[in-house]
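Everything on this sheet refers to the single structure shown next.
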Amino acid sequence: THDFKLKMRFEPSFAAVHQSKYNPPWFLEMEVRCHDLPSLMLKGFQWTTADNVDRRASFFTQAAAWKRKKYSHFRQWIFSEDPLKGAKAVQWYGTIKMSAMTRETLSAFRLEDLSRNDILSAEAFNKKKKVFEYNRLQPERSINTIYDGLHPTAGSWWIWPME
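See the structure below:
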């Protein structure tokens with residue numbers, strides 16, 4: 059089973075400066091399920107746009123509750139570890155859900171344009187217990203209960219593909 063869950067929220071990094079007054083034109087929520095979070099932390103979460111399962115992507119428009127927050131256009135990508143990377147079995151899989159204010163923003167967005175500076179927050183869970191937390195707006199509150207030194211404030215961006 060995939061006992062661990064990693065959740066990340068992305069929004070344009072320039073939005074952090076104006077967080078209290080500004081609604082960014084888009085935000086993304088990534089949710090990943092994995093077998094072995096400690097190993098993923100040590101090796102780094104290596105994902106690329108090649109891991110996207112293109113034929114299962116979708117988009118839709120919704121007017122109801124989200125309209126009040128100005129987000130009414132949505133897109134979803136489904137992705138998983140590429141088995142050609144040498145793993146015997148897929149170690150992780152996940153979804154990326156995008157919310158945008160306009161359909162044009164939704165259409166123009168490309169996953170490869172994301173950068174680690176766009177990560178607003180990240181958290182990881184073992185079953186239902188939180189084991190990792192990072193927030194760009196409060197980096198001093200970052201914590202990793204599995205490996206103390208593996209969090210962005212200590213220079214470890216294991217949640218982002220390593221360079």
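Numbering-wise, the sequence shown is residues 59 to 221 according to our numbering. Where a beta carbon is used, it is the ideal one built from N, C-alpha and C, also for glycine. Every value quoted in this text rests on a predicted model; they were computed, and no experiment measured them.
(message) Can you give me the C-alpha to C-alpha distance between Val90 and Ser165, rounded to a whole angstrom?
(response) To locate residue 90, count along the sequence shown from 1; it is residue 32. To locate residue 165, count along the sequence shown from 1; it is residue 107. So the alpha carbons of these two residues sit roughly 24 Å apart.
(message) By the three-class DSSP mapping on this structure, what secondary structure does Thr107 have?
(response) By one-based count along the sequence shown, residue 107 stands at place 49. Thr107: helix per DSSP, three-state reduction.
(message) Can you tell me which residues form a DSSP beta bridge with Lys65?
(response) On the sequence shown, position 7 is the one that residue 65 refers to. DSSP, once it has assigned bridges, lists Glu89 and Glu181 as partnering Lys65.
(request) Could you pull out every residue in the same chain whose Cβ sits closer than 6 Å to the Cβ of Glu69, ignoring the five residues on either side in sequence? (result) Translated into positions along the sequence shown, residue 69 becomes position 11. Contacts found: Pro82, Phe85 and Leu178.
(request) Drop a sphere of 10 angstroms on the beta-carbon of Pro210, count the other beta-carbons inside from all chains shown, and report buried for 16 or more, exposed for fewer. (result) As a first step, residue 210 is located in the sequence shown; it is residue number 152 there, counting from the start. So Pro210 ends up on the buried side.
(request) Compute the distance between the beta-carbons of Glu139 and Trp150, then report whether it is under 8 Å. (result) What you label residue 139 is simply residue 81 of the sequence shown in a count that begins at 1. What you label residue 150 is simply residue 92 of the sequence shown in a count that begins at 1. Yes, the pair counts as a contact, with Cβ atoms nearer than the cut-off.
(message) DSSP three-state label for Arg174, please.
(response) By one-based count along the sequence shown, residue 174 stands at place 116. Helix.
(request) Look at the alpha carbon of Tyr192 and the alpha carbon of Lys185, and state the distance between them as a whole number of angstroms. (result) Along the sequence shown, one-based indexing puts residue 192 at 134. Along the sequence shown, one-based indexing puts residue 185 at 127. So the alpha carbons of these two residues sit roughly 18 Å apart.
(message) Using 8 Å for Cβ pairs, my map puts Phe190 next to Asn202. What's the rounded Cβ distance?
(response) In the sequence shown, counting from the first residue as 1, residue 190 sits at position 132. In the sequence shown, counting from the first residue as 1, residue 202 sits at position 144. 5 Å between Cβ atoms; contact.
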